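Asks:
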Amino acid sequence: MPRKIRDLINDLEKAGFMNRGGKGSHRNFVHPMLQKPITIVGNDNQDAKHYQEKAVLTAIKEVQE
């Protein structure tokens, strides 16, 4: 069962990412240690796509190194 968008957002916020907003259902999360923002698309109660989960995990790993 895929995770929800809200779970990915919670993971990013716990890792220190800040939501800098976006248009519609797009949200951009930035972190001082990363140059490129992570964009999450979808409403909170929607299932996350596999590429979104992978992007979030990769970004969190880069920040923790």
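In terms of this note's numbering, the sequence shown is residues 694 to 758. Here a beta-carbon is modelled for each residue, glycine too, at the ideal position from N, C-alpha and C. Values in this document were obtained by computation on a predicted structure and should not be read as measured data.
1. In the DSSP assignment, what residue or residues form a beta bridge with Phe722?
2. Specify, as a first and last residue, the run of the alpha helix (DSSP H) that Glu758 falls within.
3. Only counting the same chain, and skipping five residues up and downstream in sequence, which positions put a Cβ closer than 8 Å to that of Met711?
4. Please report the residue range of the alpha helix (DSSP H) in which Lys707 lies.
5. Going by beta carbon distance, what residues of the same chain come within less than 7 Å of Leu727, once the five residues before and after it are set aside?
Replies: Answer, in terms of the structure:
1. The residue you call residue 722 lines up with position 29 of the sequence shown. Asn712 and Ile731, per the DSSP bridge assignment.
2. On the sequence shown, position 65 is the one that residue 758 refers to. Where Glu758 is concerned, there is no enclosing alpha helix (DSSP H), given that its DSSP letter is neither H nor E.
3. Taking the first residue of the sequence shown as 1, we reach residue 711 at position 18. Cβ within range, chain order: Phe722, Val723 and His724.
4. Here residue 707 refers to the residue found at position 14 when the sequence shown is read from its first residue. Where Lys707 is concerned, the enclosing alpha helix (DSSP H) stretches over Ile698 to Lys707.
5. Position 34 of the sequence shown holds residue 727. Only Ala752, Glu755 and Val756 meet the Cβ criterion.
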